[in-house]
Structures are given as C-alpha cells and as structure tokens.
Amino acid sequence: LAAAAAVAAQKPSAATAALLSADPEGECAAGNASAGGGGAGACDGARVDWREPLAPHEWPAHYVPIRRIKFTTIEDMIDRMKPLAEAGEPLIFEGTEVMNVSQWASVDHIREVLAQSKVLVKTSKNNKFRYFDVSKNIGGFKFDRPVEETHRTVAEFIAESERILEEGEPQRMYLQETLSGHSEMVDEFSSWRWELLIRVSSACGWGLPDSNELFIGMPGVETPLHFDERENMFFQVRGRKEIVVFPFVDYLRLYPFPTTHACDRQSMVGTPVSPDREAFPRFAGAAGHYATLQAGDLLYLPYGWWHWLRNLEHLAVSVSFWSTTPPADLPNGVPDEFTDHMLTRARRNLESMLARQHGPEQHNQTMVGLRDALLAGNERDPVLLQVRGLLRALKMPLDKQDQFVLETIEGRFGIDWSRHVKG
C-alpha cells in the first residue's frame with residue numbers, strides 16, 4: 004500500500020520497481036531455450052526412415068515468417084540490432100560464422116568435443132520435453148516429472164538414440180548441457196566468434212553473453228512453449244530446427260503456469276500445432292512468428308518471447324548465448340502511461356508478490372479468492388485492497404484494474420494443472 008505514496012511524489016517506489024522488474028527474484032532463469040517437436044509417425048513407434056529430414060509444419064495465415072538478413076559486418080549487424088533490441092523483435096542473421104558449422108557437421112566432432120564428460124540427457128516417453136524445476140514448486144502443486152534426467156557421455160547418448168530409432172521405440176532423448184566449467188572445450192571455445200557476440204550485446208545495452216547452453220536432439224523432439232528472462236542469441240550449429248515464437252505481451256494468450264508451479268515460465272498450451280482451444284480460447288489471438296533454422300543461422304530471441312521448437316533432423320545441434328536484460332528502472336519517475344511490455348512484467352510480478360506475502364502454498368486460494376472478491380464487489384477484502392494499492396502505483400485507472408486482475412486469473416487458477424504438464 005505504500006506504493007500509492009510514491010505516485011504522488013512521482014518517484015518509483017520499491018513496489019513499483021518490483022512490479023516492473025525483469026528479474027523479480029534476483030536470478031535470471033536461463034536454461035531453457037531449446038530442442039524441437041514431433042511430426043506424424045516420428046514418435047509413435049512407427050518404423051520410419053529417421054535419416055530423412057522431417058517437413059516443417061504449415062502455420063495459420065495470420066502467422067508471419069521471422070525476417071532474415073544476410074550478415075555483412077559487425078558494424079552493420081549492430082546498426083540493425085539496436086532498434087530491434089529496443090523494440091523487442093526477433094531477427095535471423097545468415098552467415099555470421101559464430102561457430103564452425105562445417106566442423107560440427109561431423110558426428111565424430113560431436114562425440115569428441117566433450118570427450119568423456121558426463122552431460123545432462125533427458126528421456127521422454129514421447130517426443131515432448133517440458134522444462135521444469137521441482138525446487139520452484141513452492142506452491143505445492145501435484146506434479147509428476149514429465150521426463151527422466153540422467154548423465155551420460157555424448158557418445159553414449161548418440162549410440163542409445165540411434166538404437167531407439169533403429170528399433171522403432173517411442174521414447175526420445177535430448178541432450179542439454181550448460182557449457183560453463185567444461186575446460187576440455189577450451190580449443191572449441193577459442194574458435195567461436197566472441198567479438199561479434201560481445202560487441203552486439205554491449206551495443207544493445209545487455210550484459211555480456213555469460214551463459215551458454217548446448218542442445219542436441221533426436222528427430223521430431225520438441226520443446227513446448229516457454230519463455231526465458233534473458234536476451235538470447237540462438238545459433239543453429241547443425242541440422243535444421245523448426246521454431247515458432249510469440250511476443251512476451253501475448254502472455255495471457257499463452258496461459259502460463261502459476262509462478263509457484265514447477266513449470267513456471269511454461270505455457271499450458273504446450274504446442275501451437277494442436278492446442279486445446281476449449282481450455283485455452285485466447286490462444287487463437289496469439290501472433291505467431293515462424294522459421295526453419297538452418298545450420299549457420301543466428302536467431303535473436305528477445306527477452307520474454309515465447310518459443311516452441313522442433314528438431315527436423317537427427318542430431319540437430321544448437322547453442323544459446325544468453326545475456327542479462329538491463330533493469331526496468333524509472334529515472335524520470337513513474338511514467339504517465341506504461342507500455343504493454345511493462346504491464347506484462349507487472350502482471351507476472353504482482354502474482355509473485357502476492358504468493359510471497361500470503362504464502363506460496365496458498366497461492367491458488369489467494370488468487371481464486373481475489374477473483375471472487377472482485378466479482379462480488381467486496382472492496383474490503385484485504386488482498387483486493389493490497390492489489391488496488393499496487394495498481395494505483397502504476398497509475399492504472401480503477402475501471403482497468405478489474406479487467407487486469409480478472410485476465411491474470413481466468414484460465415490459470417482453480418484448474419487441473421497436471422493435465423497440461425506433458426505439453
């Protein structure tokens with residue numbers, strides 16, 4: 004409630020800053036940008052020639068292709084990237100040579116690059132690899148792990164994945180490894196085009212690309228819709244990968260799991276290919292952008308953009324280069340009007356603040372109770388009073404507050420979340 008006083012002073016209060024923060028918990032959850040999905044027959048146990056690439060999907064007419072640009076110089080790339088980074092729009096650069104794609108085309112190189120190191124390998128009963136973090140299930144939701152996680156060498160991963168494909172088994176495997184601390188890759192790292200990545204990150208006002216993740220998948224494996232709280236330069240190293248992305252401001256149309264769920268930052272819609280339109284009617288209005296990434300493509304994936312990915316070839320390889328997003332500080336005080344991006348951050352952070360204050364294990368009850376109080380016109384409800392004060396700090400008119408709160412809750416609370424975990 005102290006936030007209301009900040010409005011009068013025209014200075015952002017701690018509550019206002021927290022509502023607009025890009026990283027409200029003080030830790031960027033980057034670790035999750037990738038692998039890609041399953042076409043017909045790819046993961047149902049049918050005997051198919053897995054050496055043949057899968058075809059990308061056809062998308063609705065209102066989806067648009069992600070723009071492509073031929074790389075020329077770093078200076079030209081910076082000139083093109085700066086306005087896009089400010090606006091938060093994806094773009095693909097062709098021919099950046101961030102990594103040596105010719106070298107990575109060799110399966111022997113893939114086997115050797117991490118030597119005998121044990122890396123994270125996920126196994127799914129189907130082709131979907133839903134990201135989750137059990138430690139974040141502070142809401143105490145019923146949750147069954149959708150994938151099994153083990154550690155194997157890259158050679159073991161390749162051998163087992165090919166055995167599964169040869170024998171037509173339905174399960175799929177996907178390798179995801181954070182590359183920090185892998186001293187055996189020092190020669191590989193030294194060959195990467197760090198100057199390009201660092202100069203672009205600096206010019207766009209981001210932090211350095213300080214987190215890198217390696218993704219290697221079987222054909223047809225997909226990562227359900229999710230978003231990351233970092234800027235991502237996503238390099239397709241080997242093979243082809245299909246991707247569909249949605250703006251951060253499509254937050255409500257993507258029906259995210261509660262922030263206290265193990266699948267925080269994940270969309271309950273899961274796949275844009277066959278969404279449950281009865282459960283998620285707003286998804287029909289989501290504005291998809293799509294592409295088929297080829298080896299050598301560098302995709303700029305802005306902070307918060309939802310993405311779904313599907314491998315079209317066996318052992319398709321990708322690497323994410325994540326950079327932190329600058330804080331949403333307000334040096335000139337609280338603006339008269341907030342952007343949709345700011346309000347989307349505020350929506351998410353408001354939910355997290357209520358969970359912390361009223362107990363994460365009571366998160367669902369708190370949000371459902373808030374909805375019921377609002378619909379009943381119970382303005383003396385303590386949670387509603389708190390929310391009113393916070394939204395006043397954002398200069399949100401009373402008539403818009405009701406819609407803002409109801410949209411945040413409807414379709415996301417008071418439901419059976421376990422139905423949507425598998426993606």
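Quick note on the working numbering: the sequence shown kicks off at 4 and runs consecutively.
We put the CB at the ideal spot given by N, CA and C, even for glycine.
If I follow the unbroken beta strand (DSSP E) through residue i, where does it start and stop?
i       : result
Glu-225 : 225-229
Asn-235 : 234-241
Ser-214 : 214-220
Ile-201 : No beta strand (DSSP E) contains Ile-201, which is instead part of the alpha helix (DSSP H) from 197-206.
Glu-191 : It is not in any beta strand (DSSP E) - Glu-191 instead sits in the alpha helix (DSSP H) that spans 189-193.
Arg-71  : 71-73
Tyr-303 : 300-304
Leu-94  : 94-97
Any idea what DSSP makes of residue i, helix, strand or coil?
i       : result
His-361 : helix
Arg-175 : strand
Glu-86  : One point to set straight first is that residue 86 is Pro, not Glu, in the sequence displayed. Reduced to three states, the DSSP call for Pro-86 is helix.
Arg-395 : helix
Gly-288 : helix
Glu-316 : coil
Ala-294 : strand
Ala-33  : With a pLDDT of 41 at Ala-33, under the threshold of 50, the predicted position of this residue should be treated as unreliable, though the coordinate-derived value follows. Residue state, collapsed to three classes: coil.
His-344 : helix
Trp-311 : strand
Trp-53  : coil
Glu-245 : strand
Glu-78  : helix
Trp-325 : strand
Pro-68  : strand
Glu-180 : strand
Ser-429 : Residue 429 lies beyond the range of the chain shown here (4 to 426); nothing can be said about it.
Given this structure, state the Cα-to-Cα distance separating residue i from residue j, to the nearest angstrom.
i       : j       : result
Phe-324 : Ala-358 : 31 angstroms
Val-216 : Leu-394 : Before going further, note that residue 216 is Glu rather than Val in the sequence given. Computed Cα separation, rounded: 37 angstroms.
Arg-54  : Glu-316 : 7 angstroms
Gly-299 : Glu-232 : 24 angstroms
Leu-200 : Val-320 : 19 angstroms
Leu-409 : His-185 : 47 angstroms
Ala-38  : Glu-382 : Confidence at Ala-38 is low in this model, with a pLDDT of 38, below 50, so its placement is unreliable and no value can be given for it.
Trp-309 : Asn-352 : 17 angstroms
Leu-302 : Glu-78  : 17 angstroms
Ser-120 : Lys-131 : 25 angstroms
Thr-126 : Thr-153 : 8 angstroms
Ile-81  : Thr-274 : 33 angstroms
Glu-172 : Met-271 : 27 angstroms
Lys-244 : Asn-314 : 5 angstroms
Ser-109 : Leu-318 : 10 angstroms
Glu-354 : Phe-96  : 36 angstroms
Ala-158 : Glu-151 : 19 angstroms
Glu-100 : Arg-196 : 7 angstroms
Around the C-beta of residue i, are 16 or more other C-beta atoms found within 10 angstroms, so that it is buried, or is it exposed?
i       : result
Val-371 : exposed
Lys-145 : exposed
Leu-387 : buried
Thr-369 : buried
Ser-105 : exposed
Gln-406 : exposed
Leu-401 : exposed
His-65  : exposed
Thr-76  : exposed
Leu-378 : exposed
Counting along the chain, where does the alpha helix (DSSP H) carrying residue i start and finish?
i       : result
Ile-412 : 401-412
Leu-373 : 366-379
Leu-255 : 254-257
If you measure from the beta carbon of residue i to each beta carbon in chain B, is any gap under 9 angstroms?
i      : result
Glu-61 : Absent from the structure: chain B. Only one protein chain is present.
For the ligand SAH, I want to know if residue i counts as a neighbour, meaning its beta carbon is within less than 8 angstroms of at least one of the ligand's heavy atoms.
i      : result
His-65 : Annotation note on the ligand SAH: not contained in the displayed structure, which lists no ligands.
Entirely within the segment 100-162 and at least 4 residues each: give me those alpha helix (DSSP H) ranges in chain order.
Complete alpha helix (DSSP H) runs here, min 4: 104-107 and 110-116.
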